[in-house]
Structure formats: structure tokens, C-alpha cells
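S.K.:
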Amino acid sequence: MLKKALLLPLIGALMSPLAAADLLSGLVLDGNGIPVAGVNIVFKNLGTGATNGNAANAGTNILGVFNVTIDPGQYRITFEPPAPPAAVALGLRLEGVVVAGSTSLGTVVLPPAISLKGRILRAGNLPVAGVNLDVIELATGENITLISDSTNLLGEFQIAVPPGEIEFRMNTTPVLVPLLAPERIDLNSVIDIDLGDIVLEPGYAISAALLDPLFAGVANLDVDVVHCITGEELYTPGDNSDTSGFIDFVVPAGLYDMEFCAQFVDSLVPHLQASVQVSGNTNLGLIFMAAGVQLSGTVTNHLGLPVAGADIDLRNSSTQVAVLLCGDNTDILGNFLTIAPSGAHDIAVTPPDSEKLGSRFDNGVLISGNTVHDAQLPFCDCGAASGSGVAGSGGFMPNIGPTGGALRLGSNGWGFSVNRCLGGAFAMAAVGYGSSCGSGMAATLVPGGGYGRVTSRVQTALVHLGGTPGQPGAGTGQVTFSLPPDFALTGATLSARLHIFDSGAPSGRALTPLLCGVLCQ
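At position 439 of the sequence shown (counting the first as 1) the number is 431 in my numbering, and the numbers step up by one without a gap.
(1) Here's the rule: buried if 16 or more other CB atoms are within 10 angstroms of the residue's CB, otherwise exposed. What is Ala11?
(2) Taking only beta-carbon positions, decide if Val315 is within less than 8 Å of chain C.
(3) Please report how far the alpha carbon of His294 lies from the alpha carbon of Arg176, in whole angstroms.
(4) Going by C-alpha to C-alpha distance, which of Ser140, Cys220 and Thr292 sits closest to Gly326?
(5) Look at the alpha carbon of Cys512 and the alpha carbon of Pro298, and state the distance between them as a whole number of angstroms.
(6) Can you find at least 3 beta carbon pairs, one from the segment 212 to 219 and one from the segment 243 to 257, that sit closer than 8 Å?
(7) So Val364 and Ser288 are in contact, right, with Cβ under 8 Å, and what is the actual spacing, rounded?
(8) Apply the 10 Å Cβ neighbour rule to Pro505 and answer buried if 16 or more other Cβ atoms are within range, or exposed otherwise.
(9) Measure the alpha-carbon distance for Phe388 versus Leu179 and round it to whole angstroms.
(10) Assign Gly387 to one of three DSSP states: helix, strand, or coil.
(11) Let me know the secondary structure DSSP gives Ser256 once reduced to three states.
(12) Given a cut-off of 8 Å, decide if Thr460 and Gly430 are closer than it, judged by their beta-carbon atoms.
(13) Tell me the DSSP bridge mates of Cys372?
(14) Expressed to the nearest angstrom, what Euclidean distance is found between the alpha-carbon atoms of Leu138 and Thr52?
(15) Given Asp320, which residues of its chain have a CB within under 7 Å of its CB, disregarding the five upstream and five downstream residues?
(16) Hey, Gly523 and Ser487: beta-carbon distance below 8 Å or not?
(17) Given this structure, state the Cα-to-Cα distance separating Asn163 from Leu125, to the nearest angstrom.
(18) Counting only the same chain and skipping the five closest in sequence on each side, list residues whose C-beta sits under 6 Å from that of Thr235.
(19) Quick check: the Cα distance between Leu19 and Phe160, rounded to an integer number of angstroms?
(20) Using DSSP's beta-bridge definition, name the partner residues of Met281.
(21) How would you write the range of the beta strand (DSSP E) that His456 sits in, first residue to last?
(22) Hey, how far is the Cα of Ala283 from the Cα of Leu206?
(23) Looking at the structure shown, is Pro439 part of a helix, part of a strand, or coil, going by DSSP?
(24) I need the DSSP call for Leu213, collapsed to helix, strand or coil.
(25) Using a Cβ-Cβ cutoff of less than 6 Å, which residues in the same chain neighbour Ala314 once the five nearest sequence positions on both sides are dropped?
(26) Hey, Val123 and Ile136: beta-carbon distance below 8 Å or not?
(27) When the distance is taken between beta carbons, is Arg68 closer than 8 Å to Leu38?
(28) Spell out a yes or no on whether the segment 450 to 469 and the segment 361 to 381 are touching, meaning 3 or more CB-CB pairs, one atom from each, closer than 8 Å.
(29) Please work out which residues of its chain come closer than 6 Å, Cβ to Cβ, to Ala48, disregarding the five sequence neighbours upstream and downstream, and give them in chain order.
Dropping the structure here:
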């Protein structure tokens, strides 16, 4: 009887092609080559749209091995490892896998990951359950699929995240009472992270109704909230208006600028609600969005090549009041397309800090109807070493060189690197501004150990060099300066150098050569 019961289903399976099942096998390893047990395997049939396709045994055993019986077809296969501490690995998706007969995927290696854990609390050290967790990989902008992506009853979480730079988001929308402000933290690590206790601030609801010139609600409008003191943009999930134009979101107490950006197809001028003081739930009332026109163009460099990431700024030519623009950066082809008000405006185009380019200013540009405004940005140097320095321990002459970016006034990305210094030494970086190389700063040291300044236009920074402590020539370092946004300095010469505290050098200090270049706008 037992054999008969086993044979009859087998005979039926062979006679019915609809009931046929094939075999998919393989081995799942984490980024360290360790087998991963308990991986859930999800199948989506790309032909029928069905999920799991009558899959049986769709998971890995204790050895990380899987043998899945499934209908033949073409599939999207997703491997979902268990959450830490059971495994520390990211999920993986394979597209277009064809299963026919006995198919082996061989070894499937899950993307490497690190563990991120912590506990989320509110005032009184009370745990917050149900906070939704999201992780954005900054290099790719990808929202990482997480296993166990919310806090438990004790407010605890432990998730697998990619190593490197990530943005960790804590979305409090599911937590109805009490109202708590969402939060995000930038992290950068290649080892496991324990954030400990994170105490969320009380949250306050901001609401408004957005209307177009015909008094219709503006749907799917997005708002950006910027802290007036720090300039930081807040994380505000759920900050898009509904079909009636109503919007509500949650922020902590503070002083904020709120930028309201309609969808491009609505052709509405962005609205700035400036200096909103939040100390409780705040209703901004009715906000009327004005009709606008398209402002577009292409930004190129001095060689005619496209400039990606250039920023477009607008000011009213008569009042000199800044005009808010949304989506006003150039794409990879140097193109921009935004909505602006009609009238005469001053247009400023600023390259990314990493580019050796200056800005472009065009005043009194008449924007009337859809307007095209192209801009070519001038070359702006990053500086070069000049002259000689003073050798340090072991006779090593320190080197200095720019790390990229232009000597553009207002830039936050210019800097220099040094090497061949005393390992692990402390040093003083100095930047001065004058009429020629070295004229804007002290070229010698003041007796008594002080640092000499020739003019008030000198910036300094203390630097702790890397390298094996005490080893001559092993010291390296890098410094970044924010150049003053003072256009009166246009055409002046920037001079920079590093003074290394080194007992083996004359007067106890080694010097790099000067690094000099001409400042541009």
C-alpha cells in the first residue's frame, strides 16, 4: 500500500505537464565565505507573474545548501538571509533565471554586510516600538532591503547594512502616540556598529493646504525643511501633498525655512515659507502657488564639455531678493530644467567644488515665457607648489600639493595634502591672501614659538599627521579649507603652507614649500 501511494502521484505527475516540477539547487555563502542557514528564497515567475511557482523546500539548510522543487519557467529569485545575529549578510536578487530540468546555480555569494544595532527611546528613557528603519547606500542612492526593519517592544533593533557610507533613517510615522520627530544619522564604517541608546525628540505636526492660481489643490507637492541655524535639511517622511493639496509632516522644535516644490508638469513657482518657528503643532494655512515658466539650458566648461552638478541660482534684478528654484542642478549632460517666475533676473551658475572651474554671472536676464539660458564656465586653477621649504628629521623635505577643486571664492572643497613629514607629528596649516605668492602670510616663524601673521586675511588649522609616530618622512596629511565668499579678493593670490612641529628641524619646525594660485569667482 505504501509503494502504491507513492507511485500513483508519480505517474500522475509524469502524465500531466502542468504538474511537472523541476529542481533548482545551489549553495549560499556570506561575504566571508561562510554558509548561510535559514535563507528564505522567493521566486517570481516572469511569464505568469505568480509568486513562488509551487516552490517546495524554498530555503537553505544548516549547511547553506538549497534544493528547491519548482515549476519550470523564467524567474526573478530573491535570497533573504535571516537578520543578525543569525547571519550578517544583505539580500540578493537574481533576474531572468531559467529553470528547466535539474538546474544548479552553483555558489551564490550574498553581498557583504556589517551589523548595525541600537535602542530607540523617548523622553524618560522609555522604549519606542514600531519605528520603521531604512538604510540608504550613499554611493548608489539605493534603499537597501532590510530584514526585521522595525524596533521591537523594547525599542531594540539589529540589522545588516552595507559597509561604507550609509544614511540610517528612523521613520516614526507608525508610532501614533506620542508624536515623535523622525531622525537620520550618517554613518561610515567597515566594522559592526553599536549606536547604543538613541533618544528621539518630541515631534510637532506641520500642516498646510496648497492651491494653484485657479484655487485647485496642488497634488504630490514636496516640501524640504531646512534648519535656519545649521543649514541641515531634515528627514521628513510623508512630506508630499495629497490629491486635495493638503500636506502634513512632523518636525522637532526649531526655526526652519520650508521650501514647497510642485511637480514640474504643474509649472508652479516654488514657494519659500521662511523662518517658521516651531514650538508646537503648526498650521501654515493656505499657501498659493504662482504660475511660472520653464527655465532651461546647458552648462559647459571652458573646453565646451558638459558640467554635471552645477547649481543655478536666481535673484530678482530689481530687489536682489533670492528666488527659490527646485531641481536646479545640471544632469550628467550639463542640462538643467526648472520652473522660474517671469521678469528680469540675475542668474549665477556655480560648478561643484571638485571642478577646476569658476562661476558665471549674467545680470538682467529677461525670463519671458519658456526661456533657454546656456552658460560656459571659465577655468579656475587649484594652485601649485612654489619655491622650497625647510627639511625636517632625517633630511626629508616635506611635499605639498592641491587635492583638487578650484581656488574659487566661497568654495568649501579646496585643500591640499602633504607627505614626507615626521610621522605622527602635529602641524599648523596656514592660508593667506595677498598680491603675490607668499605676500599674504608669514614666511618665517616669530621668535618664541608663536605663529606669525602679516595680514588679517590668514586662516589656520591644527593638523595631526598620520604615519608611524616619530619616523622621519612617514608623515602624511590632508587639509580642506572654506575659502571666503569675498569677491573683493578676485585676482588676489592665495598662499598656503604647512609648519610641522619637528625637533629634528631648524628651530624645531619643518616647512613645506608654498602652494600658490590666483583666486577666482
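In this text, a Cβ means the ideal position worked out from N, Cα and C, and glycines have one as well.
Remember, it's a predicted structure, so these values are computed and weren't measured experimentally.
M.R.: Let me spell this out:
(1) Residue 11 sits at position 19 when you count from the first residue of the sequence shown. Confidence in Ala11 is poor, its pLDDT being 44 and thus under 50, which makes the residue's placement unreliable; the coordinate value appears in the next sentence. Counting C-beta atoms within 10 angstroms of its own C-beta, Ala11 has fewer than 16 neighbours from the protein chains shown and is therefore classed as exposed.
(2) Of the protein chains in the structure, only one exists, and it is not chain C.
(3) On the sequence shown, position 302 is the one that residue 294 refers to. On the sequence shown, position 184 is the one that residue 176 refers to. Cα-Cα distance, rounded: 39 Å.
(4) The residue you call residue 326 lines up with position 334 of the sequence shown. Minimum Cα distance to Gly326 is reached at Thr292.
(5) Reading the sequence shown from its first residue, position 520 is the one you call residue 512. Reading the sequence shown from its first residue, position 306 is the one you call residue 298. Counting only the Cα atoms, Pro298 lies some 20 Å from Cys512.
(6) Judged by Cβ distances under 8 Å, the segment 212 to 219 makes contact with the segment 243 to 257, as three or more pairs qualify.
(7) In the sequence shown, the residue the question calls residue 364 occupies position 372. In the sequence shown, the residue the question calls residue 288 occupies position 296. Rounded, the Cβ-Cβ distance is 6 Å, consistent with contact.
(8) Stepping through the sequence shown from its first residue, residue 505 is reached at position 513. By the 16-neighbour rule on beta-carbons within 10 angstroms, Pro505 is buried.
(9) For the purposes of this step, residue 388 is identified with residue 396 of the sequence shown, where counting begins at 1. For the purposes of this step, residue 179 is identified with residue 187 of the sequence shown, where counting begins at 1. If you take the alpha carbons of Phe388 and Leu179, they lie about 37 Å apart.
(10) The residue you call residue 387 lines up with position 395 of the sequence shown. DSSP places Gly387 in helix when its eight states are reduced to three.
(11) Taking the sequence shown and counting its residues from 1, one reaches residue 256 at position 264. The identity of residue 256 in the sequence shown is Phe, whereas the question assumes Ser. In the structure shown, the three-state DSSP call for Phe256 is helix.
(12) Residue 430 sits at position 438 when you count from the first residue of the sequence shown. Residue 460 sits at position 468 when you count from the first residue of the sequence shown. Taking 8 Å as the cut-off, the beta carbon of Gly430 is found no closer than this to the beta carbon of Thr460.
(13) What you label residue 372 is simply residue 380 of the sequence shown in a count that begins at 1. BP columns for Cys372 are empty, so no partner.
(14) Within the sequence shown, the letter at position 146 stands for residue 138. Within the sequence shown, the letter at position 60 stands for residue 52. About 19 Å.
(15) Along the sequence shown, one-based indexing puts residue 320 at 328. Closer than 7 Å at the Cβ level, and outside the excluded window around Asp320, lie Asp303, Ile304, Phe328 and Thr330.
(16) Residue 523 is absent from the model: the chain starts at -7 and stops at 513.
(17) One-based indexing of the sequence shown puts residue 163 at position 171. One-based indexing of the sequence shown puts residue 125 at position 133. Asn163 and Leu125: Cα-Cα distance of roughly 6 Å.
(18) Counted from its first residue, the sequence shown places residue 235 at position 243. The answer, listed in chain order, is Ala211.
(19) For this step, residue 19 is matched to residue 27 along the sequence shown. For this step, residue 160 is matched to residue 168 along the sequence shown. Looking at the two C-alpha atoms, the distance is approximately 31 Å.
(20) On the sequence shown, position 289 is the one that residue 281 refers to. Per the DSSP secondary-structure output, Met281 pairs with nothing in a beta bridge.
(21) In the sequence shown, counting from the first residue as 1, residue 456 sits at position 464. Looking at the DSSP string, the run of the beta strand (DSSP E) that includes His456 is Val450 to His456.
(22) Translated into positions along the sequence shown, residue 283 becomes position 291. Translated into positions along the sequence shown, residue 206 becomes position 214. Rounded to the nearest angstrom, the two C-alpha atoms are 10 Å apart.
(23) Taking the first residue of the sequence shown as 1, we reach residue 439 at position 447. Summary for Pro439: the model assigns pLDDT 32, below 50, so the residue's position carries little reliability; its value from the coordinates is reported in the next sentence. Residue state, collapsed to three classes: coil.
(24) Counting from one through the sequence shown, the residue named residue 213 turns up at place 221. Of the three classes helix, strand and coil, the one that applies to Leu213 here is coil, per DSSP.
(25) As a working note, residue 314 is residue 322 in the sequence shown. Within the same chain, Ala314 has close Cβ partners Arg307.
(26) Here residue 123 refers to the residue found at position 131 of the sequence shown. Here residue 136 refers to the residue found at position 144 of the sequence shown. For Val123 and Ile136, no; Cβs fall outside 8 Å.
(27) By 1-based counting over the sequence shown, the position of residue 38 is 46. By 1-based counting over the sequence shown, the position of residue 68 is 76. Yes; because the gap between Cβ atoms is below 8 Å, this pair is in contact.
(28) The segment 450 to 469, when compared against the segment 361 to 381, does not touch it at the 8 Å Cβ threshold.
(29) Stepping through the sequence shown from its first residue, residue 48 is reached at position 56. If we look at Ala48 and ignore the five residues flanking it on each side, its Cβ neighbours are Thr61.
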